[in-house]
Amino acid sequence: MHVLLPSSIAKSIRMSGAKWGTIDLRWDKTEDLVVVDGYSKGERVRIRPAVDWLKEHYSNYVTTTASSGWWYRGDAELHEVGFQAGIRRSGVTIDYFREHVPLMRLPDRNGARLVITVVIDGDHAQFAAWSVSAEGATRFPLEQVREDEDLFAPLGADWPRTALADKLVTVIGLGSIGSAAAEALSGYAVRDFAFVDPDRLAGHNFARHRVSRRELGRMKVNAVEQMLTTRDPEARVERYPLDVADDADVMRPLFARSSAILVCSDGVESRRVANHLACRAGVPVTLACVLEDGAIGEVICVRPGVTACLLCARERLRDSGVVDPEPMLDHGYGTGFRHLPMTAVGGDLDLVGKFAARALVSTLLVAAGYLRERLPGEHAVLGLRPQLDREPEAPFEVERALEISWHPLGNPKGDCPSCGVAS
8 MHVLLPSSIA KSIRMSGAKW GTIDLRWDKT EDLVVVDGYS KGERVRIRPA VDWLKEHYSN
68 YVTTTASSGW WYRGDAELHE VGFQAGIRRS GVTIDYFREH VPLMRLPDRN GARLVITVVI
128 DGDHAQFAAW SVSAEGATRF PLEQVREDED LFAPLGADWP RTALADKLVT VIGLGSIGSA
188 AAEALSGYAV RDFAFVDPDR LAGHNFARHR VSRRELGRMK VNAVEQMLTT RDPEARVERY
248 PLDVADDADV MRPLFARSSA ILVCSDGVES RRVANHLACR AGVPVTLACV LEDGAIGEVI
308 CVRPGVTACL LCARERLRDS GVVDPEPMLD HGYGTGFRHL PMTAVGGDLD LVGKFAARAL
368 VSTLLVAAGY LRERLPGEHA VLGLRPQLDR EPEAPFEVER ALEISWHPLG NPKGDCPSCG
428 VAS
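In my numbering, the protein residues as written are 8 to 430.
Structure follows, in structure tokens:
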């Protein structure tokens with residue numbers, strides 16, 4: 008059994024001045040989970056505080072049983088002995104338990120009751136949960152739910168959250184790769200987003216998209232926004248159901264106030280326009296896609312004024328005799344058409360999206376002074392399902408699944424209308 012005790016109820020018990028009382032419980036028998044959602048001081052004063060967390064928790068469907076458990080003041084020795092006994096998968100005798108909880112009522116001989124003991128030391132309190140029968144008591148896990156605690160507070164100082172706290176990340180394309188990337192960015196404690204995508208979720212999307220089929224027909228920007236804010240209510244999302252090319256007049260000021268751009272769209276035009284607008288705004292842009300019918304993933308990290316842009320990188324490939332794979336992105340990839348079926352699976356697209364998110368986060372952290380986050384290169388090629396019947400060309404010569412190669416993008420070109428005029 009596992010017990011959840013909301014911190015507001017725990018605080019109220021600590022400050023009540025009472026020595027014992029009853030507790031109101033939700034018990035989900037399927038999960039063997041007990042949730043405390045009320046208590047009393049002594050026998051008569053029952054308190055059911057308004058706790059938002061209780062309203063939102065999945066156990067809200069379980070009927071509350073009033074006064075189905077007890078709480079008592081205990082002592083530190085009882086808690087320590089109970090903890091050590093639990094390690095040995097044993098308990099304490101009922102006589103020992105009652106010695107340390109003298110006010111406790113003895114449970115019925117035919118059953119056991121949930122008892123919570125509390126040790127109060129000034130402004131601090133330690134709670135323990137027990138299954139108590141007429142023969143003995145066994146301690147089991149109790150988690151005090153910190154209802155108002157920041158989602159990422161447990162990361163402590165081990166992750167530079169403050170360096171990412173005020174960074175606005177604009178994501179272009181909220182499809183399979185974009186939804187995975189947005190979810191991963193949220194996991195890195197990025198909280199300010201702008202989502203740009205003109206499309207709705209269609210039936211064929213859900214084989215690879217991060218949201219569920221219940222979102223069928225919704226705008227992708229809205230569905231992914233809800234996915235993120237459900238997990239992290241502190242996430243802030245600006246939604247733009249717009250086309251990055253057709254609505255460039257809206258994109259320019261958005262890009263100018265963004266800290267980084269992540270492009271996950273699967274069209275040549277949108278990628279090139281986003282590349283140009285980001286370079287002109289002087290904002291780093293990461294571009295993610297899959298190429299060669301899903302055989303490889305590609306992540307390009309452009310730093311305006313430092314590296315070449317997407318167009319210049321592709322031009323260098325063509326100059327070296329490598330066939331540019333990017334135009335294939337406009338050939339109906341992933342639509343299931345007879346000429347080009349849905350060849351990339353959701354797990355591979357998810358991998359590319361998460362890889363791109365990590366690359367973008369590293370770019371932001373390096374700019375904030377975390378130099379160990381520096382990437383091995385600016386152009387990453389990931390082996391997803393390399394085709395043995397093809398002769399790979401550099402830099403796309405990955406031959407095994409999960410093989411990763413890094414390459415430089417080169418310097419910006421002075422005469423390039425994108426990277427040559429970065430401000």
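C-beta: ideal position from N, C-alpha, C; glycine also.
Distance from A242 to A375 at the Cβ level is roughly 20 Å; contact not present, criterion being Cβ atoms closer than 8 Å. Restricting attention to N212, G289, V69, the CA atom closest to the CA of G427 is found in G289. Beta-bridge partners of A387 (DSSP): V306, W413. Just so you know, the alpha carbons of S138 and D199 end up roughly 45 Å apart. In the DSSP assignment, Y377 falls outside any alpha helix (DSSP H), carrying neither H nor E.
For D355 and R246, the gap between their C-alpha atoms comes out near 26 Å.
Boundaries of the alpha helix (DSSP H) harbouring K18: 14-22, taken from the DSSP string. Here the alpha carbons of A187 and G360 stand approximately 5 Å from one another. Just measuring C-alpha positions, the residue of D31, L149, G143, S277 sitting nearest V125 is L149. If you draw a 10 Å sphere on the C-beta of M226, you find 16 or more other C-beta atoms in it, and that means buried. Annotated three-state conformation of S75 is strand, per DSSP. Comparing alpha-carbon positions, the option among L113, V122, K26, D102 lying closest to V42 turns out to be V122.
Using a 10 angstroms sphere on the CB of A285, the tally of other CB atoms reaches 16 or more, which defines it as buried. Setting aside the 5 residues that flank it on each side, R207 is surrounded in the same chain by G224, R225, M226, K227, each with a C-beta closer than 8 Å to its C-beta; the list follows chain order. Spanning the alpha carbons of R310 and F403 requires a straight line of approximately 21 Å. Scanning the stretch 274-306 from its first residue to its last, the whole alpha helix (DSSP H) runs of 4-plus residues come out as 275-288.
In the three-state scheme derived from DSSP, where H, G and I count as helix and E and B as strand, R146 is classed as strand.
Here W413 is exposed. Its C-beta has fewer than 16 other C-beta atoms within 10 Å. The secondary-structure analysis by DSSP pairs F213 with nothing; it has no beta-bridge partner.
Bridge pairing for S47: R53 [DSSP].
Between V373 and E380, the gap from beta carbon to beta carbon is short of 8 Å. In this structure, the CA atom of P334 is about 52 Å from the CA atom of Y68.
By a beta-carbon distance limit of 8 Å, R238 contacts S193. Their separation comes to about 7 Å.
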